[in-house]
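26 is the number of the first residue of the sequence shown in the numbering used here; add one for each residue after it.
We put the beta carbon where it would ideally sit given N, CA and C, even for glycine.
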Amino acid sequence: MTTINAYAAQSAGGPLEPFQYDAGPLGPDDVEIDVLSCGVCHSDLSMLDNDWQMTQYPFVGGHEAVGRISQIGEHALGLSVGDLVGLGWTSRSCMHCDQCLSGNHNLCPQAEGTITHQPGGFADKVRCHWGWATKIPDGVDPLSAGPLFCGGLTVFNPLVQLQLSPTARVAVVGIGGLGHMALMFLKAWGCEVTAFSRTNSKESEARELGASHFVATGEKGALESVRGRFDLILNTTNAELPWDDYIQTLAPRGVLHTVGAAPKIEATVFPMITGQKSLSSSPTGSIATTRQMLDFVARHSIAPMTEVMPMTEINDAMEKLRSGSPRYRIVLTQS
(Lines of atoms letter the chains of each structure in order from A and count residues from 1; the text may use other names and numbers.)
(Lines give C-alpha, C1' and ligand atoms only; values in the text may rest on other atoms or scores of the structure.)
Protein backbone atom coordinates (compact mmCIF):
# COMPACT_ATOMS: atom_id res chain seq x y z
CA MET A 1 0.00 0.00 0.00
CA THR A 2 1.21 3.50 -0.86
CA THR A 3 -0.29 6.49 0.92
CA ILE A 4 0.01 9.61 -1.20
CA ASN A 5 -0.15 13.08 0.31
CA ALA A 6 -1.79 15.52 -2.07
CA TYR A 7 -3.81 18.72 -2.33
CA ALA A 8 -7.43 18.22 -3.38
CA ALA A 9 -10.56 20.29 -3.92
CA GLN A 10 -13.79 18.80 -2.64
CA SER A 11 -16.07 20.84 -4.93
CA ALA A 12 -15.97 23.06 -8.01
CA GLY A 13 -13.83 26.12 -7.41
CA GLY A 14 -13.12 25.05 -3.85
CA PRO A 15 -9.80 25.43 -2.03
CA LEU A 16 -7.08 22.85 -2.47
CA GLU A 17 -6.58 21.26 0.93
CA PRO A 18 -4.28 18.52 2.27
CA PHE A 19 -5.63 15.14 1.22
CA GLN A 20 -4.40 11.58 1.60
CA TYR A 21 -5.37 8.59 -0.51
CA ASP A 22 -4.35 4.96 -0.84
CA ALA A 23 -2.90 4.43 -4.31
CA GLY A 24 -3.15 0.64 -4.03
CA PRO A 25 -0.65 -1.78 -5.55
CA LEU A 26 1.50 -0.55 -8.41
CA GLY A 27 0.36 -1.89 -11.79
CA PRO A 28 2.81 -4.07 -13.74
CA ASP A 29 3.15 -1.45 -16.52
CA ASP A 30 3.26 1.56 -14.20
CA VAL A 31 5.88 3.61 -12.43
CA GLU A 32 5.64 5.76 -9.34
CA ILE A 33 7.31 9.17 -9.32
CA ASP A 34 8.43 11.08 -6.24
CA VAL A 35 7.38 14.59 -7.24
CA LEU A 36 10.03 17.30 -6.90
CA SER A 37 8.07 20.04 -8.63
CA CYS A 38 4.91 20.53 -10.66
CA GLY A 39 3.90 23.30 -13.01
CA VAL A 40 0.52 24.98 -12.75
CA CYS A 41 -1.38 25.10 -16.05
CA HIS A 42 -4.60 26.89 -16.94
CA SER A 43 -6.10 23.44 -17.58
CA ASP A 44 -5.69 22.74 -13.85
CA LEU A 45 -7.83 25.80 -13.18
CA SER A 46 -10.42 24.73 -15.76
CA MET A 47 -10.63 21.31 -14.17
CA LEU A 48 -10.79 22.77 -10.65
CA ASP A 49 -13.75 24.92 -11.69
CA ASN A 50 -15.35 22.06 -13.67
CA ASP A 51 -15.46 24.28 -16.77
CA TRP A 52 -15.48 21.19 -19.00
CA GLN A 53 -18.15 19.34 -16.97
CA MET A 54 -15.93 16.29 -16.47
CA THR A 55 -14.20 16.83 -13.11
CA GLN A 56 -14.54 14.20 -10.41
CA TYR A 57 -14.17 15.32 -6.80
CA PRO A 58 -12.11 15.17 -4.70
CA PHE A 59 -9.92 16.62 -7.44
CA VAL A 60 -6.10 16.50 -7.42
CA GLY A 61 -4.65 18.57 -10.23
CA GLY A 62 -1.11 18.87 -11.55
CA HIS A 63 0.00 17.53 -14.93
CA GLU A 64 3.44 19.08 -15.38
CA ALA A 65 5.25 16.95 -12.83
CA VAL A 66 8.99 16.44 -12.53
CA GLY A 67 10.47 13.89 -10.14
CA ARG A 68 12.46 10.73 -9.64
CA ILE A 69 11.26 7.17 -10.19
CA SER A 70 10.70 5.47 -6.84
CA GLN A 71 8.89 2.28 -7.90
CA ILE A 72 8.76 0.34 -11.15
CA GLY A 73 6.20 -2.24 -12.25
CA GLU A 74 7.49 -5.64 -13.35
CA HIS A 75 6.69 -4.97 -17.04
CA ALA A 76 8.03 -1.42 -17.19
CA LEU A 77 10.86 -0.88 -19.66
CA GLY A 78 13.73 1.55 -20.08
CA LEU A 79 13.51 3.15 -16.64
CA SER A 80 15.33 2.67 -13.35
CA VAL A 81 14.70 3.76 -9.80
CA GLY A 82 16.22 7.21 -9.39
CA ASP A 83 15.73 8.33 -12.99
CA LEU A 84 14.69 11.98 -13.35
CA VAL A 85 11.50 12.11 -15.44
CA GLY A 86 8.63 14.34 -16.40
CA LEU A 87 4.92 13.60 -16.77
CA GLY A 88 2.49 15.74 -18.75
CA TRP A 89 -1.20 15.74 -19.70
CA THR A 90 -1.40 12.05 -20.64
CA SER A 91 -0.68 9.34 -18.08
CA ARG A 92 -1.34 6.24 -20.17
CA SER A 93 -2.48 4.92 -23.54
CA CYS A 94 -3.37 1.44 -24.77
CA MET A 95 -0.08 0.86 -26.70
CA HIS A 96 -1.74 -1.47 -29.23
CA CYS A 97 -4.19 0.58 -31.34
CA ASP A 98 -3.28 1.98 -34.77
CA GLN A 99 -2.57 5.42 -33.28
CA CYS A 100 -0.21 4.06 -30.64
CA LEU A 101 1.54 1.72 -33.05
CA SER A 102 2.09 4.59 -35.49
CA GLY A 103 3.68 6.74 -32.78
CA ASN A 104 0.65 8.96 -32.17
CA HIS A 105 0.03 7.82 -28.61
CA ASN A 106 -1.59 11.12 -27.66
CA LEU A 107 -4.40 10.38 -30.15
CA CYS A 108 -5.16 6.96 -28.66
CA PRO A 109 -8.95 6.59 -28.22
CA GLN A 110 -8.31 5.02 -24.82
CA ALA A 111 -5.75 7.58 -23.63
CA GLU A 112 -6.11 8.64 -20.01
CA GLY A 113 -5.25 12.05 -18.61
CA THR A 114 -3.06 12.66 -15.59
CA ILE A 115 -5.77 14.81 -13.97
CA THR A 116 -8.89 13.53 -15.73
CA HIS A 117 -8.62 9.82 -14.97
CA GLN A 118 -6.52 9.78 -11.80
CA PRO A 119 -5.07 12.04 -9.09
CA GLY A 120 -2.37 14.31 -10.48
CA GLY A 121 0.96 15.78 -9.48
CA PHE A 122 -0.08 18.29 -6.81
CA ALA A 123 1.18 15.64 -4.44
CA ASP A 124 4.31 13.98 -3.13
CA LYS A 125 3.88 11.10 -5.60
CA VAL A 126 2.14 10.45 -8.91
CA ARG A 127 1.78 7.36 -11.10
CA CYS A 128 1.63 6.69 -14.82
CA HIS A 129 2.32 4.09 -17.50
CA TRP A 130 6.07 3.74 -17.96
CA GLY A 131 5.87 5.01 -21.56
CA TRP A 132 4.60 8.41 -20.46
CA ALA A 133 7.37 8.99 -17.90
CA THR A 134 9.95 10.76 -20.06
CA LYS A 135 13.57 10.99 -19.01
CA ILE A 136 14.87 14.54 -18.71
CA PRO A 137 18.17 14.84 -20.56
CA ASP A 138 21.27 16.67 -19.43
CA GLY A 139 21.06 20.35 -20.32
CA VAL A 140 17.42 20.73 -19.28
CA ASP A 141 16.89 22.54 -15.97
CA PRO A 142 14.71 20.25 -13.81
CA LEU A 143 13.20 23.16 -11.88
CA SER A 144 11.79 24.86 -14.97
CA ALA A 145 11.15 21.68 -16.98
CA GLY A 146 7.61 21.00 -15.70
CA PRO A 147 5.81 23.47 -17.99
CA LEU A 148 7.48 21.89 -21.01
CA PHE A 149 5.43 18.72 -20.52
CA CYS A 150 2.11 20.43 -21.26
CA GLY A 151 2.44 24.04 -22.39
CA GLY A 152 5.75 23.51 -24.15
CA LEU A 153 4.69 20.29 -25.85
CA THR A 154 1.43 21.89 -26.96
CA VAL A 155 3.25 24.58 -28.97
CA PHE A 156 6.11 22.33 -30.11
CA ASN A 157 3.83 19.63 -31.52
CA PRO A 158 2.52 21.78 -34.43
CA LEU A 159 6.07 22.37 -35.65
CA VAL A 160 6.43 18.61 -36.05
CA GLN A 161 2.91 17.84 -37.27
CA LEU A 162 2.96 20.58 -39.92
CA GLN A 163 6.55 19.78 -40.95
CA LEU A 164 7.30 23.46 -40.57
CA SER A 165 10.09 24.84 -42.73
CA PRO A 166 12.85 26.75 -40.91
CA THR A 167 12.35 29.51 -43.50
CA ALA A 168 8.65 29.94 -42.67
CA ARG A 169 7.15 33.25 -41.59
CA VAL A 170 5.17 32.53 -38.44
CA ALA A 171 2.94 34.66 -36.22
CA VAL A 172 2.21 33.73 -32.61
CA VAL A 173 -1.08 35.02 -31.20
CA GLY A 174 -0.92 35.63 -27.45
CA ILE A 175 2.26 36.16 -25.45
CA GLY A 176 1.47 34.22 -22.30
CA GLY A 177 2.08 30.79 -20.80
CA LEU A 178 2.01 29.06 -24.19
CA GLY A 179 2.97 31.92 -26.48
CA HIS A 180 6.23 32.85 -24.78
CA MET A 181 7.51 29.28 -25.28
CA ALA A 182 6.31 29.27 -28.88
CA LEU A 183 8.42 32.37 -29.60
CA MET A 184 11.54 30.68 -28.25
CA PHE A 185 10.90 27.42 -30.11
CA LEU A 186 10.20 29.13 -33.44
CA LYS A 187 13.26 31.38 -33.19
CA ALA A 188 15.47 28.37 -32.54
CA TRP A 189 13.71 26.47 -35.37
CA GLY A 190 14.95 29.21 -37.73
CA CYS A 191 11.66 30.92 -38.54
CA GLU A 192 10.96 34.61 -39.00
CA VAL A 193 8.72 35.22 -36.00
CA THR A 194 6.06 37.87 -35.41
CA ALA A 195 4.34 38.30 -32.05
CA PHE A 196 0.65 39.29 -31.95
CA SER A 197 -0.70 40.89 -28.79
CA ARG A 198 -3.55 43.33 -28.21
CA THR A 199 -1.33 46.14 -26.94
CA ASN A 200 2.34 47.10 -27.07
CA SER A 201 2.88 46.31 -23.38
CA LYS A 202 4.73 43.04 -24.08
CA GLU A 203 6.67 44.14 -27.17
CA SER A 204 10.09 44.43 -25.54
CA GLU A 205 9.74 41.05 -23.83
CA ALA A 206 8.43 39.38 -27.00
CA ARG A 207 11.46 40.57 -28.94
CA GLU A 208 13.80 39.28 -26.24
CA LEU A 209 12.07 35.89 -26.46
CA GLY A 210 12.63 35.64 -30.21
CA ALA A 211 10.15 37.80 -32.12
CA SER A 212 11.63 39.83 -34.99
CA HIS A 213 8.37 41.74 -35.47
CA PHE A 214 5.47 42.79 -33.25
CA VAL A 215 1.86 43.61 -34.10
CA ALA A 216 -0.49 45.26 -31.60
CA THR A 217 -3.73 43.79 -32.90
CA GLY A 218 -5.91 46.21 -30.92
CA GLU A 219 -4.69 49.10 -33.04
CA LYS A 220 -6.71 50.15 -36.08
CA GLY A 221 -5.41 48.64 -39.32
CA ALA A 222 -2.84 46.45 -37.57
CA LEU A 223 -3.91 43.19 -39.20
CA GLU A 224 -4.44 44.86 -42.56
CA SER A 225 -0.78 45.94 -42.49
CA VAL A 226 0.41 42.31 -42.49
CA ARG A 227 -2.07 40.94 -45.01
CA GLY A 228 -0.81 37.90 -46.93
CA ARG A 229 2.41 37.55 -44.93
CA PHE A 230 2.34 34.39 -42.83
CA ASP A 231 2.85 30.73 -43.67
CA LEU A 232 1.59 29.81 -40.21
CA ILE A 233 -0.37 31.58 -37.51
CA LEU A 234 -0.17 29.76 -34.17
CA ASN A 235 -3.03 30.84 -31.91
CA THR A 236 -2.28 30.17 -28.25
CA THR A 237 -5.28 32.03 -26.81
CA ASN A 238 -8.76 30.83 -25.85
CA ALA A 239 -10.41 33.99 -27.16
CA GLU A 240 -12.90 34.32 -30.00
CA LEU A 241 -10.82 36.11 -32.62
CA PRO A 242 -11.91 37.99 -35.76
CA TRP A 243 -11.09 34.86 -37.71
CA ASP A 244 -11.59 36.28 -41.20
CA ASP A 245 -9.17 39.12 -40.44
CA TYR A 246 -6.54 36.63 -39.29
CA ILE A 247 -7.07 34.40 -42.33
CA GLN A 248 -6.39 37.44 -44.53
CA THR A 249 -2.91 37.68 -43.03
CA LEU A 250 -2.04 34.19 -44.28
CA ALA A 251 0.05 33.71 -47.40
CA PRO A 252 -1.23 31.27 -50.05
CA ARG A 253 -1.35 27.75 -48.56
CA GLY A 254 -0.99 29.28 -45.12
CA VAL A 255 -2.38 27.58 -42.03
CA LEU A 256 -4.17 29.09 -39.03
CA HIS A 257 -3.46 26.57 -36.29
CA THR A 258 -5.05 26.89 -32.86
CA VAL A 259 -3.87 25.20 -29.70
CA GLY A 260 -5.87 27.56 -27.48
CA ALA A 261 -9.29 26.25 -26.50
CA ALA A 262 -11.33 28.94 -28.24
CA PRO A 263 -15.09 28.35 -27.86
CA LYS A 264 -15.67 28.29 -31.62
CA ILE A 265 -14.28 29.32 -34.99
CA GLU A 266 -16.45 31.17 -37.49
CA ALA A 267 -14.81 31.92 -40.83
CA THR A 268 -15.78 32.72 -44.40
CA VAL A 269 -14.84 29.83 -46.65
CA PHE A 270 -14.30 31.50 -50.03
CA PRO A 271 -11.12 33.44 -49.06
CA MET A 272 -9.72 30.16 -47.79
CA ILE A 273 -10.52 28.38 -51.04
CA THR A 274 -8.98 31.05 -53.26
CA GLY A 275 -5.72 31.05 -51.30
CA GLN A 276 -5.74 27.31 -50.51
CA LYS A 277 -5.61 28.28 -46.83
CA SER A 278 -6.65 26.03 -43.98
CA LEU A 279 -7.62 25.82 -40.33
CA SER A 280 -6.15 23.17 -38.05
CA SER A 281 -5.59 22.34 -34.40
CA SER A 282 -3.79 19.85 -32.20
CA PRO A 283 -3.58 18.61 -28.59
CA THR A 284 -0.33 18.15 -26.66
CA GLY A 285 1.94 15.53 -28.24
CA SER A 286 3.08 11.93 -28.41
CA ILE A 287 5.76 10.16 -26.43
CA ALA A 288 8.18 10.47 -29.36
CA THR A 289 7.45 14.19 -29.82
CA THR A 290 8.00 14.78 -26.11
CA ARG A 291 11.45 13.24 -26.36
CA GLN A 292 12.19 15.23 -29.51
CA MET A 293 11.12 18.46 -27.78
CA LEU A 294 13.39 17.78 -24.79
CA ASP A 295 16.36 17.13 -27.09
CA PHE A 296 15.58 20.38 -28.93
CA VAL A 297 15.32 22.31 -25.67
CA ALA A 298 18.65 20.91 -24.44
CA ARG A 299 20.40 21.70 -27.72
CA HIS A 300 19.18 25.30 -27.83
CA SER A 301 19.25 26.02 -24.07
CA ILE A 302 15.54 26.92 -23.96
CA ALA A 303 13.73 27.22 -20.64
CA PRO A 304 10.25 28.54 -19.82
CA MET A 305 10.00 31.74 -17.80
CA THR A 306 8.79 30.58 -14.39
CA GLU A 307 7.80 31.82 -10.96
CA VAL A 308 8.65 29.29 -8.27
CA MET A 309 6.41 28.87 -5.22
CA PRO A 310 6.25 26.20 -2.50
CA MET A 311 3.52 23.59 -2.88
CA THR A 312 2.08 24.78 0.44
CA GLU A 313 1.09 28.04 -1.31
CA ILE A 314 -0.89 26.21 -3.97
CA ASN A 315 -4.07 28.25 -3.45
CA ASP A 316 -2.16 31.49 -3.83
CA ALA A 317 -0.69 30.10 -7.04
CA MET A 318 -4.14 29.23 -8.39
CA GLU A 319 -5.46 32.70 -7.60
CA LYS A 320 -2.45 34.26 -9.29
CA LEU A 321 -3.17 32.16 -12.37
CA ARG A 322 -6.86 33.07 -12.21
CA SER A 323 -5.96 36.77 -12.28
CA GLY A 324 -3.64 36.27 -15.26
CA SER A 325 -0.60 37.72 -13.52
CA PRO A 326 2.16 35.06 -13.81
CA ARG A 327 5.19 35.77 -16.02
CA TYR A 328 4.68 33.25 -17.47
CA ARG A 329 4.35 29.87 -15.73
CA ILE A 330 4.16 28.96 -12.03
CA VAL A 331 6.09 25.97 -10.71
CA LEU A 332 5.32 24.49 -7.29
CA THR A 333 8.11 22.78 -5.37
CA GLN A 334 8.08 20.33 -2.50
CA SER A 335 10.61 22.30 -0.48
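Among the options, the one whose alpha carbon lies nearest that of residue i
| i | options | result |
| --- | --- | --- |
| I290 | C153, P308, D270 | D270 |
| T141 | P40, F84, V180 | F84 |
| P267 | R254, P277, P288 | P288 |
| T139 | S95, D166, I58 | I58 |
| P277 | P296, Q78, Q301, V165 | Q301 |
| V197 | V165, Q186, S237, T159 | S237 |
| E42 | M336, G349, R93 | M336 |
| Q188 | S95, L257, R232, Q81 | L257 |
| P167 | H205, F44, V110 | V110 |
| Y82 | L234, P40, G246, Q317 | P40 |
Range of the contiguous beta strand (DSSP E) that encloses residue i
| i | result |
| --- | --- |
| M79 | M79 -> no beta strand (DSSP E), and no H or E assigned at all. |
| E365 | The question about residue 365 has no answer here: the residues shown for the chain are numbered 26 through 360. |
| V322 | First-last for V322: 312-325, but that is the alpha helix (DSSP H), not the beta strand (DSSP E). |
| I335 | In the sequence under discussion, the amino acid at residue 335 is Pro, which differs from the Ile named in the question. Segment 331-335, the beta strand (DSSP E) holding P335. |
| Q124 | Q124 -> not in any beta strand (DSSP E); alpha helix (DSSP H) instead, spanning 123-126. |
First and last residue of the uninterrupted alpha helix (DSSP H) at residue i
| i | result |
| --- | --- |
| E344 | 339-347 |
| D270 | 268-273 |
| E228 | 228-234 |
| F181 | 176-186 |
| K212 | 204-214 |
| S368 | Summary: the structure shown does not reach residue 368, with the chain confined to residues 26 through 360, and so no result is reported for it. |
| I290 | Note, I290: premise wrong, no alpha helix (DSSP H); not H, not E. |
Close Cβ partners of residue i (< 7 Å) along its chain, the five nearest in sequence each way excluded
| i | result |
| --- | --- |
| L132 | Q124 |
| K345 | P351, I355 |
| T224 | A241, G243 |
| R254 | R194, T274, A276 |
| G86 | D69, M72, L73, I140, G145, F147 |
| W157 | L112, T115, S116, R117, I312 |
Supposed close pair residue i, residue j - CB separation, criterion 8 Å
| i | j | result |
| --- | --- | --- |
| G285 | T261 | 5 Å |
| L61 | V106 | Incorrect: roughly 15 Å between the Cβ atoms, too far for contact. |
| H130 | I312 | 5 Å |
Cα-Cα separation, residue i to residue j
| i | j | result |
| --- | --- | --- |
| A241 | P329 | 23 Å |
| L178 | A207 | 10 Å |
| R252 | L275 | 7 Å |
| S360 | C63 | 12 Å |
| W214 | L184 | 9 Å |
| L281 | V151 | 36 Å |
| A37 | F321 | 38 Å |
| F210 | T309 | 15 Å |
| R347 | A292 | 30 Å |
| A264 | D47 | 40 Å |
| G164 | T299 | 46 Å |
| T159 | Q35 | 31 Å |
| W155 | A101 | 6 Å |
| T358 | A231 | 27 Å |
| D108 | L319 | 15 Å |
Nonlocal neighbours in the same chain, by C-beta distance under 6 Å from residue i, ignoring five residues either side
| i | result |
| --- | --- |
| C216 | A193, V195 |
| E228 | F239 |
| G98 | L51, G52, P53, D54, D55 |
| S222 | I200 |
| H325 | A213 |
| T27 | A48 |
Chain-order list of residues whose beta-carbon lies under 8 Å from that of residue i (same chain, five-residue window excluded)
| i | result |
| --- | --- |
| T363 | Any question about residue 363 goes unanswered here, given that the chain covers just 26 to 360. |
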